[in-house]
Structure formats: structure tokens, C-alpha cells
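Novice: Residue numbers (UniProt numbering), protein chains in the order written: chain V, 1 to 216; chain W, 1 to 216. Where a beta carbon is used, it is the ideal one built from N, C-alpha and C, also for glycine. This structure is a prediction, so every number in the text was calculated from the model and none was measured.
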DNA sequence: CCTACCGATCGGTAGG
DNA sequence: CCTACCGATCGGTAGG
């Protein structure tokens, strides 16, 4: 009777096993919860909001999840992993360090500005999360930042630029994109290009034209 | 009996009038609430938290404030006004556009990283605020951004840099400073200098040497 | 400024 | 997955 509302294929062969159905339902719930957390933040999203959107009652959610905190941590991890995969894919085949950085920035923008799927912008907004949970999340974010650490390490930056701060500032911009982005004026690709125009500093020349500059 | 705990000067002349005492108490409450909002965000700060820190009971707060929302709006306004004043003061006497920008950045950093007084970093963290309140706040923030609009307008930037986005990115960095700043490694002044090193682009030359430049 | 309370909502649980 | 709850906490109010 729990499957009352869902159409069932007649042949037993076509029906997936129970635990698979259950895993699907769980994934569905994670996705819904992810959207809500991304839209409203941790605290402003109630367990009842999630349940309602998933079509069940608040108490029933606990058949699928252990707690609100565990739910959030799992979503955050999934989102980080998905984001890392997307960025790695976006870098495939690119060798020029500036081109690689620009591609990574663009992909980060797409990720942060798309709250539609599990690959979502929860990376900010951590202040609404209980302190104990936040500590776990921040550590996993550090792992994720390794990608950018390597990207920045490859840049031919002037010596007086602190690469650590450079990376932190860049990531801070990208992670808070949904706070400052306004649809319409500039495309995401144009914004990525602009960001790179600002962050692009080379040891000797500032433009593509390698000429006309002398060393320090 | 409401003044029971506070020492009272004997002579009537030394005691401030009732309405002044009351205004003092109110200011005290605003300051306390401001710190809490800055630390925990709007939603995570309860009226009872504020009351406790101020030494009274939750219900009694409503003798001083109209509502939690009104309290937050008032604090936000006060903070923005104080920040604008501080930045204007920091710019006094400076004429070089890059020096002015750097001074403004440093002052913004100091403001954002100091959650001790009413001049505090509430500018971020707006997602935990109810939507209707947020709209009011964002508009007043726009007024505040005018300072940076002018600072950026004065910069001798290359033509292919979008000054609007340039300002938005810079402000986003500064406003989220308490999210990425780590005490210890670099001083605030050093960070401001680094930010300027990144955001400094001139039409023809990239260094301080004023020579060897021709006008466009 | 306190006492004493309101209705609403929260995360979570027991028992089926 | 539902019914029927729990204790805790929320913003806010009445009446003094």
C-alpha cells in the first residue's frame, strides 16, 4: 500500500527490487532537500518543508534520514564531489595556465548559479549551520580547494603576489557568486573572462602581446 | 524600583532626565543585539538571547523595541551610516585614485572584521533574513556602494574592464572578509595592499613608475 | 521592566 | 510511510 500511487509494471522482471526503489526515493529526497537548503539556508529550511515537497509527512522522513544535520552533511559532500568532477572535466585538454584558470572559474560560476540539482551552492551560507556541523563541512571544502591551489601554482604570477591570498580571494568571489550575480547584463562566460582580466598578472607583460616590455 | 541596581547620584542636578537614561539603555540594547546578529545571523539570534545579554527578560525587550525585524533594520542602518563615515574619513587628503581605493579597502576590512561595535559586518549573511526585510536592506546598501562607484570611476582602468563588475567583485570580497580572513599570517594592511596589487591595472603600465606612458 | 502567558513551529520519536 | 505525539523554543502580548 505504500506504493499505491506509483504505477507498477505487471511482470515481476521489470519491477526493480525493493531496496533499489528505496534508494531512488532517498535520492529524490536528497535532491529536494538540496534545493531547499540552497534557496533558504540550513536553518530556514524545516524538516516539514522538505517532507511536504517530497509528498510525505515530517515524521516519515526519518524512515529515510537519520537527522537534519546528517542529511545536510551528506548533501554537502555529494555537491562537493560533483563540483570537483565537473571542474576536472572542464579542464580536460587545456594546457595554458590562464586558460585553465578561466575554464575553472566559468565552471564554478555555472555550479554556483545553478541551484537546480544536487550540484549546488551550499558552500556559502555556512553561518546558518550549527557550529559542530560547520567544522566538518569546512574541512571537506579544504580538500576541494586543492584544485585551485594547483591551478594557481601553475600561474606565472609576479613574485610580490601572495598566491595563498590570491586563491582565497578568487574562491571567495566564485563561491559567493549567487550573492552578486544579476541575470541579464553579462553572460557567465563574459564574467569569467572579466574575472580573469582582473586576476591576470604576468611577470613581465600584461597582455597577450609579448613585446614592448622590459624586465623589472 | 526599575533603577534599583544602578547607582543614583544624590543631587537631582546630576541625574540625567528619564528620557535620556532610556535612550542610553536603548543604545546599549542595540549594540548588544548588533554583536549577536553579527556573530550568529538574524535567524540564529533569538529575542531571548538579546534579552539575556542585556540583563532583562524577553518580554521586557518590547518596552524598547517594536519587533525583531525593526530592531535589525535599525541596526543595519546605523552600521551602514557609521561605515560610510569611517570610509570618507579614511579618504581625507588622499588624491591618487589607487591610494584612495587602497585606503577604502583597508577601512572596509577593518569594519568587516570588527564585530565589536555597532559598526559591524551585517552586510553579508542576508539570506537568514526574511525576504521583506532583506529588500529594504539591499536598497540601503546600494546607496552605500555609491562611494565605491566613484572610487572606481576615477581609476585609469583599461577599456576592456567592466567597471560595474569590477566594483561588484571588489565589494563582494570586502563584504565577505569575515568569511575568508584568518588571523595571523597577513595583517589587514598587507591584505589591502595585496588586493590592490591584484585589482590594479592601468591603461599602459602596471607599476608605480609614472614615466614611459603616453595618453590613449 | 516583570509575570505569565499565547499560538506557532521546531527536530525528533514510538508504535504501528 | 502514517498517526499521534513529545519537549523545546520561537516572536510577541496583556496587564501590571
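Cβ of residue 167 (chain V) within 8 Å of Cβ of residue 148 (chain V)?
Specialist: For residue 167 (chain V) and residue 148 (chain V), yes; Cβs fall inside 8 Å.
Novice: Cβ of residue 98 (chain V) less than 8 Å from any chain W Cβ?
Specialist: It does not; no Cβ of chain W falls within 8 Å.
Novice: Helix, strand or coil, according to DSSP, for residue 166 (chain V) in the structure here?
Specialist: Residue state, collapsed to three classes: helix.
Novice: Could you confirm whether any beta carbon from chain W is found closer than 8 Å to the beta carbon of residue 128 (chain V)?
Specialist: Yes, because at least one Cβ of chain W sits closer than 8 Å to the Cβ of residue 128 (chain V).
Novice: Which runs of the alpha helix (DSSP H), 4 residues or longer, sit entirely within the region 53-132 of chain V?
Specialist: Correct list: 58-61, 68-91 and 97-113.
Novice: According to DSSP, is residue 218 (chain W) helix, strand or coil?
Specialist: The first residue shown for chain W is 1 and the last is 216, placing residue 218 (chain W) beyond what the model contains.
Novice: Determine the direct distance from the alpha carbon of residue 111 (chain W) to that of residue 216 (chain W), and round the result to whole angstroms.
Specialist: Below a pLDDT of 50, predicted positions are generally treated as unreliable, and residue 216 (chain W), at 38, falls in that range; the measurement from the model is reported next regardless. Cα-Cα distance, rounded: 38 Å.
Novice: Whole angstroms are fine: how far does the CA of residue 59 (chain W) sit from the CA of residue 20 (chain W)?
Specialist: Using only the alpha carbons, I get a separation of about 22 Å.
Novice: State yes or no: is the C-beta of residue 155 (chain W) nearer than 7 Å to some heavy atom of the ligand COA?
Specialist: Among the components modelled here there is no ligand, and therefore nothing to report on the ligand COA.
Novice: So with Cβ pairs under 8 Å, would you call residue 58 (chain W) a contact of chain V?
Specialist: Taking Cβ atoms only, chain V never reaches closer than 8 Å to residue 58 (chain W), which makes this a no.
Novice: Relative to chain W, which residues along the region 157-170 of chain V have a C-beta separation below 7 Å, given in chain order?
Specialist: Listed in sequence order: 160, 161, 162, 165, 166, 168 and 169.
Novice: Buried or exposed: which applies to residue 199 (chain V), given that a residue is buried once 16 or more other Cβ atoms fall within 10 Å of its Cβ?
Specialist: With 16 or more other Cβ atoms within 10 Å, it is buried.
Novice: Please report whether the beta-carbon of residue 179 (chain V) lies at a distance below 8 Å from any beta-carbon of chain W.
Specialist: Taking Cβ atoms only, chain W reaches closer than 8 Å to residue 179 (chain V), which makes this a yes.
Novice: For residue 38 (chain W) and residue 190 (chain W), what's the separation of their Cα atoms in angstroms?
Specialist: Using only the alpha carbons, I get a separation of about 25 Å.
Novice: Return the CA-CA distance between residue 42 (chain V) and residue 177 (chain W), expressed in angstroms with no decimal places.
Specialist: The alpha-carbon atoms of residue 42 (chain V) and residue 177 (chain W) are separated by roughly 21 Å.
Novice: Given residue 192 (chain W), which residues of its chain have a CB within under 7 Å of its CB, disregarding the five upstream and five downstream residues?
Specialist: Here the set comprises 102, 105, 106 and 109.
Novice: Is residue 194 (chain W) close to chain V, meaning its C-beta is less than 8 Å from at least one C-beta of that chain?
Specialist: Judged by the 8 Å Cβ criterion, residue 194 (chain W) is in contact with chain V.
Novice: Contact criterion: CB-CB distance below 8 Å. Does residue 188 (chain V) meet it with respect to chain W?
Specialist: Closer than 8 Å: no.
Novice: Pairing CB atoms from the region 88-100 of chain W with CB atoms from the region 127-142 of chain W, are three or more of them under 8 Å?
Specialist: With the cut-off at 8 Å, the region 88-100 of chain W and the region 127-142 of chain W do not touch.
Novice: Looking at chain W, which residues of the UniProt domain "HTH tetR-type" (23-83) of chain V have a Cβ within less than 8 Å of any of its Cβ atoms?
Specialist: Against chain W - using a Cβ distance shorter than 8 Å - the residues of the UniProt domain "HTH tetR-type" (23-83) of chain V are 40, 41, 43 and 44.
Novice: Tell whether a beta-carbon distance below 8 Å holds between residue 28 (chain W) and residue 51 (chain W).
Specialist: Not in contact: residue 28 (chain W) and residue 51 (chain W) (Cβ atoms no closer than 8 Å).
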